[in-house]
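Contents: one structure, followed by commentary.
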Amino acid sequence: MIDIDTAARELEILWSLPGRDCRLQPLGQSGAGLTAIIHTPAQRFFLKWMSDGDPLEAEQDGLTRLAPVVRVPGWRYLGPLAGGQALILEWLELGQSLSHGQWRELGELLRRLHSVPGEQFGYHRDNWIGASRQYNAPSPDWATFFVNQRLAPQWRWACQRGLPAAEAGQVEAVMALAMDWLSEVTVTPSLVHGDLWSGNLGTLTDGTVVLFDPAVYYGHGEVDLAMLELFGPVPEECHRGYGIDPHDPAVVQRKTLYNLYHLLNHFVLFGGGYLNAITRSCRTLLSY
Numbered sequence: 076m077i078d079i080d081t082a083a084r085e086l087e088i089l090w091s092l093p094g095r096d097c098r099l100q101p102l103g104q105s106g107a108g109l110t111a112i113i114h115t116p117a118q119r120f121f122l123k124w125m126s127d128g129d130p131l132e133a134e135q136d137g138l139t140r141l142a143p144v145v146r147v148p149g150w151r152y153l154g155p156l157a158g159g160q161a162l163i164l165e166w167l168e169l170g171q172s173l174s175h176g177q178w179r180e181l182g183e184l185l186r187r188l189h190s191v192p193g194e195q196f197g198y199h200r201d202n203w204i205g206a207s208r209q210y211n212a213p214s215p216d217w218a219t220f221f222v223n224q225r226l227a228p229q230w231r232w233a234c235q236r237g238l239p240a241a242e243a244g245q246v247e248a249v250m251a252l253a254m255d256w257l258s259e260v261t262v263t264p265s266l267v268h269g270d271l272w273s274g275n276l277g278t279l280t281d282g283t284v285v286l287f288d289p290a291v292y293y294g295h296g297e298v299d300l301a302m303l304e305l306f307g308p309v310p311e312e313c314h315r316g317y318g319i320d321p322h323d324p325a326v327v328q329r330k331t332l333y334n335l336y337h338l339l340n341h342f343v344l345f346g347g348g349y350l351n352a353i354t355r356s357c358r359t360l361l362s363y
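Here it is as structure tokens:
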């Protein structure tokens, strides 16, 4: 695990700061790494440190890809620090939760983001969804990509983590049907955030909507709208800003399908507390 004082001294050398003019204030720590505020005489920064740097490289890559379109934290440094790897980001002062007007602004922002086209579905590198690898090998077909590179890996990992046989069979049945469901909708590859739950967005003190912690790829834009609703309803102003009817039965079906990916991932990472949600989602999808 990182030694806070060692990291501070290395940053002072890296940034040519006078002695003892850098201080780290830990925010959170786990077996995988640490987050902290970096205090310097001039300003503050946000530090993410891990022993394995690939997730940090993937995050920096995603932030760089999103930055021309949406407000994201700028990055200051990516590289070795105190025996591990560090990603140092701009420190952002966040305001209150989104107002109704800001939800509409978010919808408009996502519409702009999803208007950025890609040549194929996927991305030029794999990245991470939480602590799980997210596969992004390019594919010309959305149905094939989503089933084979989103649902199937999570299904295999969930089975290894103890997903009961009944639920495993339901997920397998959903995957078989999803190929036909998704083949019926016209989807062009669009840049998506990829991990857009409510904890990965906020507002600056001037009201600007800002997005964090991406897992970007080129996919169907509705995956971002779906994940926004994974843990609770989203105000209709967001959907109006985006230009989509959230009550359209086909949209509701795809939302349930797209969020099954995240529910399986949460089961893999956090265990059986997500089993009932997986069961409900599968039963809903298999009733179509």
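With this note's numbering applied, the sequence shown corresponds to residues 76 to 363, in that order. In this text, a Cβ means the ideal position worked out from N, Cα and C, and glycines have one as well.
Check                                                                                                                                                          : Outcome
For residue 207, name the three-state secondary structure that DSSP assigns.                                                                                   : strand
Is the segment 104 to 120 close to the segment 180 to 195, with three or more CB pairs under 8 angstroms?                                                      : no
For residue 293, which beta-bridge partners are listed by DSSP?                                                                                                : 197, 266
What does a CB cutoff of less than 7 angstroms around residue 210 pick up in its chain, not counting 5 residues either side in sequence?                       : 201, 224, 228
With burial defined as no fewer than 16 other Cβ atoms inside 10 Å of the residue's Cβ, what is the status of residue 302: buried or exposed?                  : buried
Tell me whether residue 215 sits in a helix, a strand or coil according to DSSP, three-state version.                                                          : coil
Does DSSP put residue 222 in a helix, in a strand, or in coil?                                                                                                 : helix
Residue range of the alpha helix (DSSP H) that residue 244 falls in?                                                                                           : 240 to 258
Quick test of your reading: residue 435 and residue 124, contact by CB under 8 angstroms. State the CB separation rounded to the nearest angstrom.             : Past the edges of the chain, shown from 76 to 363, lies residue 435, and the structure says nothing about it.
Does the beta-carbon of residue 118 have 16 or more other beta-carbons within 10 angstroms, so that it is buried, or is it exposed?                            : exposed
Which same chain residues end up closer than 6 angstroms to residue 283 when comparing Cβ atoms and leaving out the 5 residues on each side of it in sequence? : 146
Under the assumption that residue 239 contacts residue 268 (Cβ atoms under 8 angstroms), give the Cβ distance between them as a whole number of angstroms.     : Actually they are not in contact, since the Cβ atoms of residue 239 and residue 268 sit about 32 angstroms apart, beyond 8 angstroms.
Can you tell which of 308, 300, 306 has the C-alpha that lies nearest to the C-alpha of residue 318?                                                           : 300
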